[in-house]
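6 protein chains.
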Amino acid sequence: MVYLTRIERFNAAHKLWVADWSEDKNYEVFGKCANKNWHGHNYKLHVTVKGRPDPVTGFIMDAKKLSKLIRKHIIDVVDHSNLNLDVPFVPQGLQPTTENMIVLFWQQLAPHLENCELHSLRLEETETIYAEYYGE
Amino acid sequence: MVYLTRIERFNAAHKLWVADWSEDKNYEVFGKCANKNWHGHNYKLHVTVKGRPDPVTGFIMDAKKLSKLIRKHIIDVVDHSNLNLDVPFVPQGLQPTTENMIVLFWQQLAPHLENCELHSLRLEETETIYAEYYGE
Amino acid sequence: MVYLTRIERFNAAHKLWVADWSEDKNYEVFGKCANKNWHGHNYKLHVTVKGRPDPVTGFIMDAKKLSKLIRKHIIDVVDHSNLNLDVPFVPQGLQPTTENMIVLFWQQLAPHLENCELHSLRLEETETIYAEYYGE
Amino acid sequence: MVYLTRIERFNAAHKLWVADWSEDKNYEVFGKCANKNWHGHNYKLHVTVKGRPDPVTGFIMDAKKLSKLIRKHIIDVVDHSNLNLDVPFVPQGLQPTTENMIVLFWQQLAPHLENCELHSLRLEETETIYAEYYGE
Amino acid sequence: MVYLTRIERFNAAHKLWVADWSEDKNYEVFGKCANKNWHGHNYKLHVTVKGRPDPVTGFIMDAKKLSKLIRKHIIDVVDHSNLNLDVPFVPQGLQPTTENMIVLFWQQLAPHLENCELHSLRLEETETIYAEYYGE
Amino acid sequence: MVYLTRIERFNAAHKLWVADWSEDKNYEVFGKCANKNWHGHNYKLHVTVKGRPDPVTGFIMDAKKLSKLIRKHIIDVVDHSNLNLDVPFVPQGLQPTTENMIVLFWQQLAPHLENCELHSLRLEETETIYAEYYGE
Numbered sequence: 041m042v043y044l045t046r047i048e049r050f051n052a053a054h055k056l057w058v059a060d061w062s063e064d065k066n067y068e069v070f071g072k073c074a075n076k077n078w079h080g081h082n083y084k085l086h087v088t089v090k091g092r093p094d095p096v097t098g099f100i101m102d103a104k105k106l107s108k109l110i111r112k113h114i115i116d117v118v119d120h121s122n123l124n125l126d127v128p129f130v131p132q133g134l135q136p137t138t139e140n141m142i143v144l145f146w147q148q149l150a151p152h153l154e155n156c157e158l159h160s161l162r163l164e165e166t167e168t169i170y171a172e173y174y175g176e
Numbered sequence: 041m042v043y044l045t046r047i048e049r050f051n052a053a054h055k056l057w058v059a060d061w062s063e064d065k066n067y068e069v070f071g072k073c074a075n076k077n078w079h080g081h082n083y084k085l086h087v088t089v090k091g092r093p094d095p096v097t098g099f100i101m102d103a104k105k106l107s108k109l110i111r112k113h114i115i116d117v118v119d120h121s122n123l124n125l126d127v128p129f130v131p132q133g134l135q136p137t138t139e140n141m142i143v144l145f146w147q148q149l150a151p152h153l154e155n156c157e158l159h160s161l162r163l164e165e166t167e168t169i170y171a172e173y174y175g176e
Numbered sequence: 041m042v043y044l045t046r047i048e049r050f051n052a053a054h055k056l057w058v059a060d061w062s063e064d065k066n067y068e069v070f071g072k073c074a075n076k077n078w079h080g081h082n083y084k085l086h087v088t089v090k091g092r093p094d095p096v097t098g099f100i101m102d103a104k105k106l107s108k109l110i111r112k113h114i115i116d117v118v119d120h121s122n123l124n125l126d127v128p129f130v131p132q133g134l135q136p137t138t139e140n141m142i143v144l145f146w147q148q149l150a151p152h153l154e155n156c157e158l159h160s161l162r163l164e165e166t167e168t169i170y171a172e173y174y175g176e
Numbered sequence: 041m042v043y044l045t046r047i048e049r050f051n052a053a054h055k056l057w058v059a060d061w062s063e064d065k066n067y068e069v070f071g072k073c074a075n076k077n078w079h080g081h082n083y084k085l086h087v088t089v090k091g092r093p094d095p096v097t098g099f100i101m102d103a104k105k106l107s108k109l110i111r112k113h114i115i116d117v118v119d120h121s122n123l124n125l126d127v128p129f130v131p132q133g134l135q136p137t138t139e140n141m142i143v144l145f146w147q148q149l150a151p152h153l154e155n156c157e158l159h160s161l162r163l164e165e166t167e168t169i170y171a172e173y174y175g176e
Numbered sequence: 041m042v043y044l045t046r047i048e049r050f051n052a053a054h055k056l057w058v059a060d061w062s063e064d065k066n067y068e069v070f071g072k073c074a075n076k077n078w079h080g081h082n083y084k085l086h087v088t089v090k091g092r093p094d095p096v097t098g099f100i101m102d103a104k105k106l107s108k109l110i111r112k113h114i115i116d117v118v119d120h121s122n123l124n125l126d127v128p129f130v131p132q133g134l135q136p137t138t139e140n141m142i143v144l145f146w147q148q149l150a151p152h153l154e155n156c157e158l159h160s161l162r163l164e165e166t167e168t169i170y171a172e173y174y175g176e
Numbered sequence: 041m042v043y044l045t046r047i048e049r050f051n052a053a054h055k056l057w058v059a060d061w062s063e064d065k066n067y068e069v070f071g072k073c074a075n076k077n078w079h080g081h082n083y084k085l086h087v088t089v090k091g092r093p094d095p096v097t098g099f100i101m102d103a104k105k106l107s108k109l110i111r112k113h114i115i116d117v118v119d120h121s122n123l124n125l126d127v128p129f130v131p132q133g134l135q136p137t138t139e140n141m142i143v144l145f146w147q148q149l150a151p152h153l154e155n156c157e158l159h160s161l162r163l164e165e166t167e168t169i170y171a172e173y174y175g176e
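Residue numbers (the working numbering), protein chains in the order written: chain A, 41 to 176; chain B, 41 to 176; chain C, 41 to 176; chain D, 41 to 176; chain E, 41 to 176; chain F, 41 to 176.
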């Protein structure tokens with residue numbers, strides 16, 4: 041079993057804000073991430089698939105095809121977007137934290153992989169924060 | 041003459057949009073950067089000062105003091121902000137491009153340096169785009 | 041189960057030296073790392089916690105709170121220190137190798153995490169050497 | 041159990057080309073990687089061993105010795121080489137993909153480790169593609 | 041005057057070999073870079089243009105247009121190529137060193153910039169070697 | 041005129057401490073950098089030479105020879121050293137700041153370059169601080 045990872049990037053705006061809470065409570069819990077006018081990040085997404093290299097091509101999966109799938113189902117939807125307002129697969133009221141986004145990304149991508157299995161996702165939000173998810 | 045650089049980071053949202061133009065023209069010129077709901081970036085700012093190292097301390101300028109000045113006059117204002125809406129020193133109607141922001145940053149910081157001179161700024165917007173400015 | 045990682049940095053001096061050995065044997069085993077006048081590194085520490093994102097905040101753990109815990113229990117103790125001389129939690133005579141330091145860091149940090157579990161630590165000593173530990 | 045990783049680099053040329061296929065089919069499957077005149081990469085190899093730190097030296101394995109083993113059995117063979125033509129341990133007709141190379145590297149290195157166990161290899165081919173292998 | 045940089049990448053094979061020299065002399069001067077079966081690199085090219093930001097768009101030059109020009113005149117020609125054999129603008133017998141390639145890249149790109157001026161190129165061949173050129 | 045840069049690394053300990061000052065004053069000016077038991081860094085040194093590429097070899101200077109010169113005159117002296125105690129070319133009482141070290145490095149290296157000229161040095165002390173020097 042060999043693991044192959046493809047990295048893609050996107051830029052997006054978001055904020056963390058619970059509608060049921062007062063402004064004070066939102067700032068107390070989320071700090072500057074609650075800025076009502078949004079802030080944003082350069083996100084970096086690692087997608088890892090696993091399988092056995094094909095004896096003829098040597099590929100688990102063609103990295104260019106993997107890139108196309110990631111772009112179609114994730115990057116094209118979230119790049120240069122507002123994660124709170126523009127992304128159909130983010131349920132209303134769900135905070136677009138790194139932890140929540142990575143689970144949603146898994147749900148978008150996993151059904152579309154053929155001949156290999158999605159193993160893990162890593163989503164880097166800043167140079168000092170990232171989340172990882174293995175599908176359960 | 042020795043040059044000393046300190047790097048600071050901030051995260052912000054922005055969009056590129058000319059109010060006098062139609063939506064079509066804005067998208068034609070700015071592409072996805074015109075998304076009305078904003079997008080964002082992890083910015084990385086290099087601040088370079090020049091001078092002669094003090095014969096006793098060996099410092100052109102204490103890097104911790106330089107860091108405090110950059111934070112006070114730039115980072116604390118722009119971090120987790122919306123560059124179009126939240127930043128007092130961005131004139132209304134000016135596009136918050138990397139090129140424009142770097143000139144504004146220079147104007148904010150240069151008057152506050154003592155005993156050494158501001159030499160250059162570099163502002164990295166993504167892993168593939170950055171701007172530099174030398175004050176004129 | 042989602043994994044969240046926060047990265048913190050510190051700078052420290054150390055040397056590798058077994059008191060019971062001759063100088064020759066120390067240099068034979070540890071090479072330049074045995075320099076009696078010390079050498080040092082910029083260390084980079086990845087702290088990974090695991091848990092389920094809170095349904096309201098979307099957080100496994102607030103990354104800012106995680107950062108404060110890491111700083112209080114590890115970084116504030118080791119930053120700009122001598123790992124052999126200045127760090128109370130390094131037992132006398134224990135070599136401050138990357139492998140040993142990471143186990144000590146785990147012992148310092150693990151008891152202080154609430155509502156989530158420490159999953160792993162990664163300690164990078166140079167651009168080409170790092171250690172990882174999963175608590176057992 | 042602690043994990044220790046050493047990173048080494050090498051530069052090599054290769055191409056992906058199935059001799060039994062037409063030129064058209066090769067370009068259809070491999071794209072530009074089928075260029076008959078080769079292309080190349082700066083490869084970055086992470087070698088991770090696992091074990092218990094020695095109570096006296098604090099080492100799982102001396103990182104300098106690990107580096108020498110990796111260089112002797114892998115880097116010295118593949119650096120500045122053509123992976124299709126110059127590397128004795130690449131079976132004729134096997135595509136030198138990242139996935140295949142990493143399995144071959146494991147076979148070269150694993151038998152030579154003493155007092156600790158090879159845990160994993162990571163081979164980075166570009167800034168956006170890497171493979172990992174755990175020996176089975 | 042503001043400077044704007046766009047980074048693009050490409051992967052290529054090459055060798056350093058003077059046809060008039062013996063094999064021994066080639067290896068003496070070029071070392072492993074003379075391997076007759078080629079080796080290769082992941083190249084990273086910084087293209088810096090200078091000008092005054094447009095008062096309406098805030099652009100010196102649209103970074104996406106700059107990217108398209110670099111791709112058309114340089115990257116599409118050299119990516120996944122053999123720099124000795126496949127690139128029309130490399131004169132026969134000229135060594136494809138980083139120093140020579142960067143001058144050739146300038147000649148390819150400079151005539152195609154409008155409304156701003158090419159200021160400098162930086163070509164990174166490995167993590168430890170790069171060349172820069174300012175057009176004279 | 042083309043510029044060629046070679047990067048080398050070293051690890052060292054140091055402290056900032058003015059012997060004529062009280063402990064209080066040293067800590068006031070230098071903060072944690074005054075720790076009497078030292079601290080340390082992974083340094084990264086960029087050495088840039090300039091010249092015209094040789095018409096036959098395509099080299100300004102063989103990067104391997106440049107690397108050897110840098111190692112002989114700088115890296116072998118400072119790697120795994122204490123910059124205050126172990127380095128003959130650091131005058132007693134001079135603070136080993138990044139600014140001072142880079143001037144000393146220039147004096148060590150410049151006389152030994154042949155057929156090309158030393159253009160600049162960049163010394164990176166941490167991920168957020170670096171100094172540059174052009175020889176005057």
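Ideal Cβ placement from N, Cα and C applies to all residues, glycine included.
This one's a predicted model, so the numbers in the text were calculated from it and none came from an experiment.
For this session: For E/Lys-55, count neighbouring C-beta atoms within 10 Å of its own C-beta (all shown protein chains included) and say buried if the count is 16 or more, exposed if not.
Result: Translated into positions along the fifth sequence, residue 55 of chain E becomes position 15. Answer is buried; the Cβ neighbour count reaches 16.
For this session: Decide if the region 145 to 158 of chain B is in contact with the region 136 to 155 of chain D; the criterion is three or more beta carbon pairs, one per stretch, under 8 angstroms apart.
Result: Flag = no, the region 145 to 158 of chain B and the region 136 to 155 of chain D do not touch.
For this session: With DSSP as the reference, please indicate the residues paired to A/Phe-50 in a beta bridge.
Result: To locate residue 50 of chain A, count along the first sequence from 1; it is residue 10. A/Tyr-83.
Exercise. Counting along the chain, where does the alpha helix (DSSP H) carrying A/Ala-59 start and finish?
Worked result: For the purposes of this step, residue 59 of chain A is taken as the residue at position 19 of the first sequence. For A/Ala-59, there is no enclosing alpha helix (DSSP H), as DSSP marks it with neither H nor E.
For this session: Return yes when the Cβ of A/Glu-48 is within less than 7 angstroms of the Cβ of A/Leu-85, no when it is not.
Result: Here the question's residue 85 of chain A lines up with position 45 in the first sequence. Here the question's residue 48 of chain A lines up with position 8 in the first sequence. Yes, these two residues count as a Cβ contact at 7 angstroms.
For this session: Locate the beta strand (DSSP E) running through A/Glu-176, then write down its first and last residues.
Result: On the first sequence, position 136 is the one that residue 176 of chain A refers to. The continuous stretches of beta strand (DSSP E) do not include A/Glu-176, and DSSP gives it neither H nor E.
Problem set entry | Through-space distance from B/Leu-161 to A/His-81, alpha-carbon basis | For the purposes of this step, residue 81 of chain A is identified with residue 41 of the first sequence, where counting begins at 1. For the purposes of this step, residue 161 of chain B is identified with residue 121 of the second sequence, where counting begins at 1. Taking the straight line joining both Cα atoms gives about 21 angstroms.
For this session: Could you check if C/Pro-151 is buried or exposed, using at least 16 other CB atoms within 10 Å of its CB as the buried criterion?
Result: Translated into positions along the third sequence, residue 151 of chain C becomes position 111. Counting other Cβ atoms within 10 Å of its Cβ, C/Pro-151 stays below 16 and is therefore classed as exposed.
Exercise. Would C/Glu-63 be called buried (16 or more neighbouring beta carbons within 10 Å of its own) or exposed?
Worked result: Counting from 1 along the third sequence, the entry for residue 63 of chain C is found at position 23. Burial call: exposed.
Problem set entry | Distance between D/Pro-131 and D/Val-118 (C-alpha atoms, nearest Å) | As a first step, residue 118 of chain D must be located in the fourth sequence, where it is residue number 78. As a first step, residue 131 of chain D must be located in the fourth sequence, where it is residue number 91. Rounded to the nearest angstrom, the two C-alpha atoms are 14 angstroms apart.
Exercise. Would E/Ile-115 count as contacting chain F if we go by Cβ distances under 7 angstroms?
Worked result: In the fifth sequence, residue 115 of chain E corresponds to position 75, counting from 1. Not one chain F Cβ lies under 7 angstroms of E/Ile-115.
Exercise. What does E/Leu-174 reach in chain B if we use C-beta pairs closer than 9 angstroms?
Worked result: In the fifth sequence, residue 174 of chain E corresponds to position 134, counting from 1. A quick correction: the sequence has Tyr, not Leu, at residue 174 of chain E. Against chain B, the beta carbon of E/Tyr-174 has no neighbour under 9 angstroms; the closest one sits roughly 14 angstroms away.
Problem set entry | CA-to-CA distance, D/Asp-102 to C/Asn-66, given in whole angstroms | Taking the third sequence and counting its residues from 1, one reaches residue 66 of chain C at position 26. Taking the fourth sequence and counting its residues from 1, one reaches residue 102 of chain D at position 62. Those two C-alpha atoms are separated by around 13 angstroms.
Exercise. Which residues of chain D have a Cβ atom closer than 8 angstroms to the Cβ of A/Phe-70, listed in chain order?
Worked result: Position 30 of the first sequence, counted from the first residue, corresponds to residue 70 of chain A. Contacts between A/Phe-70 and chain D, judged by CB atoms closer than 8 angstroms, are missing: the closest CB pair is about 32 angstroms apart.
For this session: Would you kindly check if the distance between the Cβ of E/Trp-78 and the Cβ of D/Trp-61 is under 7 angstroms?
Result: By 1-based counting over the fourth sequence, the position of residue 61 of chain D is 21. By 1-based counting over the fifth sequence, the position of residue 78 of chain E is 38. Cβ atoms of D/Trp-61 and E/Trp-78: not closer than 7 angstroms.
For this session: Select from the region 45 to 62 of chain D all residues with a C-beta closer than 8 angstroms to any C-beta belonging to chain E, and list them in chain order.
Result: Per Cβ criterion, the list reads Arg-49, Asn-51, Ala-52, Ala-53 and His-54.
Exercise. For D/Leu-149, which of D/Ile-115, D/Glu-167 and D/Glu-165 has the nearest alpha-carbon?
Worked result: For the purposes of this step, residue 149 of chain D is taken as the residue at position 109 of the fourth sequence. Closest by alpha carbon: D/Ile-115.
For this session: Taking only beta-carbon positions, decide if A/Gly-133 is within less than 7 angstroms of chain B.
Result: Along the first sequence, one-based indexing puts residue 133 of chain A at 93. At a cut-off of 7 angstroms between beta carbons, A/Gly-133 makes no contact with chain B.
Problem set entry | For D/Ile-114, three-class secondary structure by DSSP | Residue 114 of chain D sits at position 74 when you count from the first residue of the fourth sequence. Of the three classes helix, strand and coil, the one that applies to D/Ile-114 here is helix, per DSSP.
Problem set entry | CB contact flag (A/Ile-110, C/Arg-46, <7 angstroms) | For the purposes of this step, residue 110 of chain A is identified with residue 70 of the first sequence, where counting begins at 1. For the purposes of this step, residue 46 of chain C is identified with residue 6 of the third sequence, where counting begins at 1. Not a contact, by the Cβ cut-off of 7 angstroms.
Exercise. In the region 93 to 121 of chain A, which residues sit with their C-beta less than 7 angstroms from some C-beta in chain D, listed in chain order?
Worked result: From the region 93 to 121 of chain A, only Pro-93, Val-96, Thr-97, Gly-98, Phe-99, Ile-100, Ala-103 and Lys-104 have a Cβ closer than 7 angstroms to chain D.
For this session: Report, in whole angstroms, the separation of the C-beta atoms of C/Val-42 and A/Tyr-173, which I expect to be a contact under 8 angstroms.
Result: Residue 42 of chain C sits at position 2 when you count from the first residue of the third sequence. Residue 173 of chain A sits at position 133 when you count from the first residue of the first sequence. The C-beta distance from C/Val-42 to A/Tyr-173 rounds to 5 angstroms, short enough to meet the 8 angstroms contact threshold.
For this session: Label D/Phe-50 either buried or exposed according to how many other C-beta atoms from any shown protein chain fall within 10 Å of its C-beta, with 16 as the threshold for buried.
Result: Mapped onto the fourth sequence, residue 50 of chain D falls at position 10. The residue is buried, with at least 16 neighbouring Cβ atoms inside 10 Å.
For this session: Tell me whether F/Glu-167 is buried or exposed, calling it buried when 16 or more other Cβ atoms sit within 10 Å of its Cβ.
Result: Working through the sixth sequence from its first residue, we reach residue 167 of chain F at position 127. By the neighbour-count rule (16 or more Cβ atoms within 10 Å), F/Glu-167 is not buried but exposed.
Exercise. Which same chain residues, not among the five before or five after C/Glu-164, have their C-beta less than 7 angstroms away from its C-beta?
Worked result: Locating residue 164 of chain C in the third sequence gives position 124, counting from the first residue. Result list for C/Glu-164: Tyr-83, Lys-84 and Tyr-170, in chain order.
For this session: Report the rounded CA-to-CA distance for F/Ala-52 versus F/Met-141, giving the unit in angstroms.
Result: Counted from its first residue, the sixth sequence places residue 52 of chain F at position 12. Counted from its first residue, the sixth sequence places residue 141 of chain F at position 101. About 12 angstroms.
Exercise. What in chain C is Cβ-close to A/Asn-75, meaning under 9 angstroms?
Worked result: Residue numbering aside, residue 75 of chain A sits at position 35 when the first sequence is read from its first letter. Neighbours of A/Asn-75 on chain C: none; closest Cβ ~15 angstroms, over 9 angstroms.
Exercise. Under the DSSP definition of a beta bridge, which residues are partnered with B/Gly-91?
Worked result: For the purposes of this step, residue 91 of chain B is identified with residue 51 of the second sequence, where counting begins at 1. In the DSSP output, where bridge partners are listed per residue, B/Gly-91 has B/Val-42.
Problem set entry | Secondary structure of B/Asn-140, DSSP reduced to three states | Indexing the second sequence from 1 puts residue 140 of chain B at position 100. It is helical.
Exercise. In the structure shown, what three-state DSSP assignment does A/Asn-124 receive?
Worked result: In the first sequence, residue 124 of chain A corresponds to position 84, counting from 1. In the structure shown, A/Asn-124 adopts coil according to DSSP, grouped into three states.
Problem set entry | Selection of the region 134 to 149 of chain D by Cβ proximity to chain A, strictly under 8 angstroms | Result list: Leu-134, Gln-135, Pro-136, Thr-137, Thr-138, Glu-139, Asn-140, Ile-142 and Val-143.
For this session: Grab the span of the beta strand (DSSP E) containing A/His-159 for me, first residue to last.
Result: Within the first sequence, numbered from 1, the residue matching residue 159 of chain A stands at position 119. Taken as a continuous stretch (DSSP letters only), the beta strand (DSSP E) holding A/His-159 covers 157 to 166.
For this session: Spell out whether any CB of chain C is found under 7 angstroms from the CB atom of D/Val-42.
Result: Sequence index remark: in the fourth sequence, residue 42 of chain D carries index 2 (1-based). Yes, its Cβ sits closer than 7 angstroms to a Cβ of chain C.
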